[in-house]
Each structure stands twice: as structure tokens, then as C-alpha cells.
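Q:
Number of protein chains: 4
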Amino acid sequence: MWLRIDPRSEVPLYQQIVDQVREAVARRWLEPGTRLPSVRELAVQLALNHNTVARAYQELEREGLIETLRGRGTFVAKPNPRMPSPDDVAWMEKQIRQLLIAAYHLGIEPKVWLEIAGRVVAGWSQSEGGF
Amino acid sequence: MWLRIDPRSEVPLYQQIVDQVREAVARRWLEPGTRLPSVRELAVQLALNHNTVARAYQELEREGLIETLRGRGTFVAKPNPRMPSPDDVAWMEKQIRQLLIAAYHLGIEPKVWLEIAGRVVAGWSQSEGGF
Amino acid sequence: MWLRIDPRSEVPLYQQIVDQVREAVARRWLEPGTRLPSVRELAVQLALNHNTVARAYQELEREGLIETLRGRGTFVAKPNPRMPSPDDVAWMEKQIRQLLIAAYHLGIEPKVWLEIAGRVVAGWSQSEGGF
Amino acid sequence: MWLRIDPRSEVPLYQQIVDQVREAVARRWLEPGTRLPSVRELAVQLALNHNTVARAYQELEREGLIETLRGRGTFVAKPNPRMPSPDDVAWMEKQIRQLLIAAYHLGIEPKVWLEIAGRVVAGWSQSEGGF
DNA sequence: GTGGTCTAGACCACA
DNA sequence: GTGGTCTAGACCACT
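Chains P, Z, V and C, in that order, give the protein sequences. The first sequence begins at 33 in the numbering used here and counts up one residue at a time. The second sequence begins at 33 in the numbering used here and counts up one residue at a time. The third sequence begins at 33 in the numbering used here and counts up one residue at a time. The fourth sequence begins at 33 in the numbering used here and counts up one residue at a time.
1) Name the one or two DSSP bridge partners that Z:L68 has.
2) Check this for me: beta carbons of P:L131 and Z:Q127, under 8 Å apart or not?
3) Tell me, please, whether the CB atom of V:P64 is closer than 8 Å to any CB atom in chain P?
4) So C:S157 contacts chain V; which residues on that side make the cut at Cβ distance below 7 Å?
5) Can you list the residues of chain P that Z:D120 reaches, using a CB-CB cut of under 8 Å?
6) With 8 Å set as the bound, which would you pick, yes or no: does the beta-carbon of V:R151 sit closer than that to a beta-carbon of chain P?
7) Please decide whether C:L101 counts as near chain Z, where near means a Cβ-Cβ distance under 8 Å.
8) Using a Cβ-Cβ cut-off of less than 7 Å, list which residues of the stretch 79 to 104 of chain C approach chain V; keep chain order.
9) Given 8 Å as the limit, is there contact between the stretch 107 to 114 of chain C and the stretch 73 to 89 of chain V, that is, 3 or more CB pairs closer than that?
10) Let me know if P:T100 comes out buried or exposed under the rule of 16 or more other beta-carbons within 10 Å of its beta-carbon.
11) Let's test the definition: count the other Cβ atoms within 10 Å of the Cβ of V:W34 and tell me whether it reaches 16, buried, or not, exposed.
12) Considering just the uninterrupted stretch of the beta strand (DSSP E) at Z:L101, what are its terminal residues?
13) Could you spell out the range, first to last residue, of the alpha helix (DSSP H) harbouring P:P118?
14) Using a Cβ cut-off of 8 Å (strictly closer), state whether Z:Q47 contacts chain P.
15) Can you look up Z:W156 in the DSSP assignment and give me helix, strand or coil?
16) In this structure, how does DSSP classify P:R87 when only helix, strand and coil are distinguished?
17) For Z:A154, tell me which candidate among P:W145, P:R151, P:P64, P:W156 has the shortest Cα-Cα distance.
18) Which residues in chain V sit within 7 Å of C:E55, going by Cβ to Cβ distance?
19) Determine the direct distance from the alpha carbon of V:A75 to that of V:N81, and round the result to whole angstroms.
20) I'd like the span of the alpha helix (DSSP H) that includes P:L80, first residue to last.
21) I want to verify the contact list: residues of chain P whose CB lies under 8 Å from the CB of Z:W34, in sequence order.
22) Please go through the same chain and pick out, in chain order, the residues whose beta-carbon is closer than 8 Å to the beta-carbon of Z:N112, but skip the five residues on each side of it.
23) Under a Cβ-count criterion, where at least 16 other Cβ atoms within 10 Å of its own Cβ denotes burial, should V:V50 be classed as buried or exposed?
24) Would you decide whether V:E147 is buried or exposed? Buried here means 16 or more other CB atoms lie within 10 Å of its CB.
25) Could you name the residues of chain V that C:W145 contacts, counting a contact when the two beta carbons are closer than 8 Å?
26) Check each candidate in Z:V121, Z:H137, Z:R102, Z:L138 and name the one with the smallest Cα separation from P:V164.
27) So the candidates are Z:M124, Z:E42, Z:V53; which of them puts its Cα closest to the Cα of P:E165?
28) Z:I133 and P:A58 look like a contact to me (Cβ under 8 Å); what is the Cβ gap, rounded to whole Å?
29) Is V:R72 close to chain P, meaning its C-beta is less than 8 Å from at least one C-beta of that chain?
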């Protein structure tokens with residue numbers, strides 16, 4: 033697969049898999065119904081233990097992003113459209129505030145930050161090269 | 033001090049201190065030259081082990097946010113004005129992209145996300161100098 | 033047949049067949065002597081491997097719910113009237129206790145649970161003989 | 033601890049731990065704030081691998097029944113009072129129907145079943161000996 | 001073949 | 001000391 037694992041990162045290996053699949057689903061790189069490599073296949077490809085991959089898949093299944101069909105493999109689930117709850121929005125606002133703090137310490141003013149964010153959103157919407 | 037520590041959070045205790053001081057500096061709640069409580073004082077206030085507080089101060093000093101003057105205490109450092117490097121901007125863009133992924137899974141569309149971000153920035157600027 | 037198989041469920045496919053036949057027999061939806069579809073027929077209908085269906089039939093036969101007559105097909109067996117043994121009752125009490133535990137964690141009080149149970153039993157009795 | 037693990041059961045070992053802690057919490061055998069044995073302690077007591085215990089604790093934490101305080105151990109969380117959702121009730125009704133099916137095959141009539149259930153609830157409410 | 005579970009033993013971050 | 005992560009290798013149930 034197209035996953036890139038960095039064994040030197042602080043982020044746990046299984047988490048890196050989860051993050052990248054989450055991104056791929058969010059960006060529609062992975063269409064619903066697509067079959068993911070089997071736990072053991074992917075483990076070989078990424079030079080990881082199969083338990084590590086299994087844990088990542090398990091987490092993704094718990095989140096409803098993928099589905100396991102007994103003995104047949106693992107597939108990307110249909111997206112479950114939802115309305116963000118007030119809690120979700122509050123959480124997101126907090127995350128944004130965290131970024132603004134980091135931005136300050138990098139010398140990025142809030143207004144400049146908002147420009148950057150606008151640029152990223154624009155690039156995002158264009159689907160950025162697909163793949 | 034006004035720090036709030038949540039022992040249940042998965043964020044390490046020392047990291048919570050660092051984060052909150054970083055925020056206070058970024059928001060100008062802590063002016064340069066302000067004296068911080070000593071490691072032991074703060075440890076008592078927050079009911080933490082003083083090693084935990086010491087580690088937070090160490091990290092903050094490493095980042096240049098605070099300065100220790102031998103025998104006189106610890107003080108908020110003067111901000112070191114800097115221009116964001118291209119790497120800094122690229123890093124920030126990546127963080128924003130991470131948030132957009134999370135937003136997608138919460139059902140927050142990129143455009144809506146940008147509105148939220150705009151709101152947060154507006155609130156941020158207003159509160160500059162506040163408190 | 034009227035079976036509904038969910039390949040996404042964690043319940044094994046063969047078990048889902050067994051469960052649903054058990055229910056149909058218990059509710060008298062399937063009268064004794066009714067002929068069941070052949071293993072291969074059912075396998076095609078449900079889009080399952082015929083080994084899966086065969087395993088379900090095997091299990092049902094072991095329990096005495098169905099009977100295979102050589103060359104003539106598989107039939108719903110005559111109910112074998114029995115008195116519940118003390119062990120059976122004890123087992124059932126344990127199952128009920130399990131449900132009460134689950135109910136607690138859903139915020140369903142034991143008294144409320146008993147009301148729900150009463151409702152289900154009422155509905156059950158009404159549907160006896162139906163469909 | 034008072035846990036009893038049956039290595040011969042089909043139920044996964046970690047699941048047995050989860051089930052029994054869930055019961056203990058539901059029955060108030062474990063008061064909020066009580067400290068659970070450490071992962072490794074319990075693993076030794078139950079003659080299990082510590083990973084197995086860790087997995088059980090992780091699941092219990094995900095459900096909000098227990099809380100981890102960094103480096104200090106694991107504690108029974110305060111119950112989070114909730115109203116059962118319609119989905120919860122529907123799920124419970126389905127479970128009860130499953131029990132009625134099983135009851136039928138044991139020769140337990142629905143009315144008799146309801147009597148048994150009433151008895152169990154009565155015993156439950158009396159808290160059954162505490163311990 | 002698939003995923004799920006378990007063990008043994010190891011290393012790490014945190015307090 | 002705590003829990004979190006990872007590996008290696010094994011066994012099992014299901015399809």
C-alpha cells in the first residue's frame with residue numbers, strides 16, 4: 033500500500049497506520065468498498081508485526097471507517113454522514129486555538145495564520161492531485 | 033498560579049504545564065519579566081511531584097520562554113521576535129491538514145471549518161491584552 | 033427462505049442461520065414436518081458457501097431441531113417436550129443476571145428492565161401462531 | 033482480586049475480566065475511587081500475561097468504567113448517570129427475545145420465564161449478600 | 001486464506 | 001513503580 037511508516041517517530045506505529053487511513057478516507061483516496069490488504073500482507077509490506085497492523089485495523093473498525101467480513105478481508109466502510117455536535121465544534125475550536133498558540137511562537141500572526149488556513153482549505157478542496 | 037492540571041488526561045502532567053504557560057505567553061496573559069512561582073511552590077499548589085514541575089520549567093527554558101536567574105527565581109523571558117521560516121509554515125500547513133481530516137470525520141466540511149477558524153481568530157485577537 | 037444474514041456481524045454466519053431457525057421454531061413460524069431448503073439451495077439464496085450452511089444444519093440436527101431423511105430432504109422435527117432441569121433454570125438465571133448488568137450500564141434500572149421484559153413477553157405471546 | 037478466570041472457556045480471557053469488572057461495578061461491589069490492582073499484579077494473580085490484563089483494562093477505560101492516573105494506577109470511575117436511548121431499549125428487547133427463544137428450547141414457557149426474571153430482579157435489588 | 005486471541009519477553013515514557 | 005507499545009511466534013475459529 034501507499035502507507036509510509038516512520039519507526040523513529042514518537043507516534044506509535046499502529047497510530048501511524050490509523051492516521052494515514054483516516055486521511056485517505058477523508059480525502060476520498062480510498063473509496064468505500066475498497067479492500068484493504070490483509071493484516072498479514074500489510075505487516076509484511078510495512079515490515080511490521082502483524083499484531084501491530086491488527087491493532088490499527090481494530091481501531092479503525094471501532095471508529096466505523098472500515099468493516100471486516102469474516103474470512104474475506106477488510107473493506108472501507110460507507111461514510112456515515114453526521115452532523116457535528118456542539119461538543120465536536122467546541123473540541124475543534126480548542127484545537128484551532130492550540131494551533132494559534134504554536135503559530136505565535138513561530139512568529140506567525142493570527143491574520144497570517146488565517147491566510148495560510150485559507151490556502152490549505154483551497155488546496156484541500158481541489159483534492160490535491162488525487163492519487 | 034492559574035494552571036489547571038487534569039491528572040486523567042492522557043497528556044503528560046509536565047506537558048500540560050508547558051502547554052498552558054505557552055498559551056499564557058502567546059496571549060500576553062504573562063508579561064515578560066513576570067516572576068513565576070518556584071518549582072517547589074508550584075508543585076505544592078498543583079499537588080504534583082516537584083520533579084514533574086521541574087521538567088516543565090526545563091522544557092520551557094529550553095524553548096526560551098522563561099529564564100532562570102540564579103538565586104532570584106524564574107521569569108518570563110522577553111519575546112524573541114522572529115520571522116517564520118518556510119519550514120515553519122510547511123509544518124503549520126501540515127497541522128492544519130490534520131485538523132481538516134479530523135473535521136471531516138466529525139462531519140465538518142472544509143468551508144464550515146474555515147468559518148469556525150475565522151471565528152476563533154476573531155475571538156483570539158479581541159482577547160489580546162485581556163485578563 | 034426468510035433468513036437474513038449480516039456478513040458484517042461478529043456472529044459467525046453459520047451461527048446466524050442456527051439462531052434464526054431456532055427462533056422460527058420457538059415462535060412456531062416453522063411447523064414440525066416443514067421441509068427446509070437443501071444445503072445447496074439455501075447456500076445460493078444466501079450467497080454463502082455451502083459448507084457454511086451445512087455446518088448450520090449439522091448443528092441444528094445435533095440439537096434435534098431438524099431431521100435429515102436420506103434422499104428426501106431436511107425437515108423440522110417434532111418438538112421434544114421436556115421439563116426444564118434445575119441446571120437449565122440456573123443457567124437461565126445467570127443469563128438474566130448478565131442482562132441486568134448490561135442494563136445497568138445503559139442506565140436501565142432493574143424495575144424498568146422488568147417492565148420491558150413484561151412487554152416483550154406480552155408481545156411474544158401475542159405473536160404465537162402469527163406468520 | 034476476586035476475579036475467577038476460566039482458561040477453558042470459549043470467552044476470551046480479557047473478555048472474562050471485562051465482564052466481571054462490569055458486573056462488580058453494576059452491583060456496587062466496586063465503589064468509585066477504588067484502586068484496581070496494577071496490570072502486572074493482576075496478571076500474576078490470575079496467572080495471565082500482563083498484555084491480556086492490559087487489554088481488558090483498556091477496554092474498560094474506553095467504556096468509562098475505570099480511569100487511569102498516570103503512573104499511579106487504575107481506579108473505578110464515578111458512574112456517569114445516563115438515560116437509556118430508544119436504541120438501548122430496542123437492543124435490550126432483542127436480547128430478552130433471544131433469552132425467550134433459548135427458554136423455549138429448554139422447556140421454559142414465557143410466563144414461567146417472567147417469574148424467574150422477577151425472582152432474579154428481586155435478588156438483585158437486595159444486593160445479594162454484598163461481598 | 002482471513003481475522004482474533006494469547007504468551008513471553010522487551011523497551012519506553014511518566015510520576 | 002505505573003501503563004503503553006512492540007515483536008515474535010503460536011493457536012484457534014471462520015470461510
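Just so you know, even glycine gets a beta-carbon here, dropped at the ideal spot from N, CA and C. From a predicted model like this one, the values you see are computed outputs, not experimental measurements.
A: Considering the structure as presented:
1) Taking the first residue of the second sequence as position 1, residue 68 of chain Z is located at position 36. Answer is Z:T106.
2) Residue numbering aside, residue 131 of chain P sits at position 99 when the first sequence is read from its first letter. Residue numbering aside, residue 127 of chain Z sits at position 95 when the second sequence is read from its first letter. Their beta carbons are under 8 Å apart, which means P:L131 touches Z:Q127 by this criterion.
3) Residue mapping note: residue 64 of chain V aligns to position 32 of the third sequence, counting from 1. For V:P64, the answer is no, since every Cβ of chain P falls outside 8 Å of its Cβ.
4) As a first step, residue 157 of chain C must be located in the fourth sequence, where it is residue number 125. The contacting residues are P142.
5) The residue you call residue 120 of chain Z lines up with position 88 of the second sequence. Simply L138, G139, I140.
6) Here the question's residue 151 of chain V lines up with position 119 in the third sequence. V:R151 does not count as touching chain P.
7) In the fourth sequence, counting from the first residue as 1, residue 101 of chain C sits at position 69. Closer than 8 Å: yes.
8) The stretch 79 to 104 of chain C vs chain V, Cβ under 7 Å: nothing.
9) Cβ pair count under 8 Å is below three, so no.
10) As a working mapping, residue 100 of chain P is identified with position 68 in the first sequence. Buried, since its Cβ has 16 or more Cβ neighbours within 10 Å.
11) For the purposes of this step, residue 34 of chain V is taken as residue 2 along the third sequence, with counting starting at 1. Answer is exposed; the Cβ neighbour count stays below 16.
12) For the purposes of this step, residue 101 of chain Z is taken as the residue at position 69 of the second sequence. Per DSSP, Z:L101 belongs to the beta strand (DSSP E) from 98 to 101.
13) Position 86 of the first sequence, counted from the start, is the residue given in the question as residue 118 of chain P. For P:P118, the enclosing alpha helix (DSSP H) covers residues 118 to 138.
14) Here residue 47 of chain Z is taken as the residue at index 15 of the second sequence, counted from 1. Output row for Z:Q47: interface = no.
15) Against the second sequence, residue 156 of chain Z aligns to sequence position 124. Residue state, collapsed to three classes: helix.
16) The residue you call residue 87 of chain P lines up with position 55 of the first sequence. DSSP, read as helix, strand or coil, puts P:R87 in helix.
17) For the purposes of this step, residue 154 of chain Z is taken as residue 122 along the second sequence, with counting starting at 1. Of the listed residues, the one whose Cα sits closest to Z:A154 is P:W145.
18) Sequence index remark: in the fourth sequence, residue 55 of chain C carries index 23 (1-based). Neighbours of C:E55 on chain V, chain order: I133.
19) Translated into the one-based positions of the third sequence, residue 81 of chain V becomes position 49. Translated into the one-based positions of the third sequence, residue 75 of chain V becomes position 43. Approximately 6 Å, taken between the alpha carbons.
20) Position 48 of the first sequence holds residue 80 of chain P. From DSSP, P:L80 is part of no alpha helix (DSSP H); its letter is neither H nor E.
21) In the second sequence, counting from the first residue as 1, residue 34 of chain Z sits at position 2. Against chain P, the beta carbon of Z:W34 has no neighbour under 8 Å; the closest one sits roughly 16 Å away.
22) One-based indexing of the second sequence puts residue 112 of chain Z at position 80. Once the five neighbours on either side are set aside, the close Cβ partners of Z:N112 are G96.
23) Taking the first residue of the third sequence as 1, we reach residue 50 of chain V at position 18. Answer is buried; the Cβ neighbour count reaches 16.
24) Stepping through the third sequence from its first residue, residue 147 of chain V is reached at position 115. V:E147 comes out exposed.
25) Position 113 of the fourth sequence, counted from the first residue, corresponds to residue 145 of chain C. Those within 8 Å of C:W145 in chain V are M124, V153.
26) The first residue shown for chain P is 33 and the last is 163, placing residue 164 of chain P beyond what the model contains.
27) Limits of chain P in this structure are 33 at one end and 163 at the other, which puts residue 165 of chain P out of reach.
28) For the purposes of this step, residue 133 of chain Z is identified with residue 101 of the second sequence, where counting begins at 1. For the purposes of this step, residue 58 of chain P is identified with residue 26 of the first sequence, where counting begins at 1. That belief holds up - the Cβ atoms of Z:I133 and P:A58 are roughly 4 Å apart, short of 8 Å.
29) As a working note, residue 72 of chain V is residue 40 in the third sequence. Not one chain P Cβ lies under 8 Å of V:R72.
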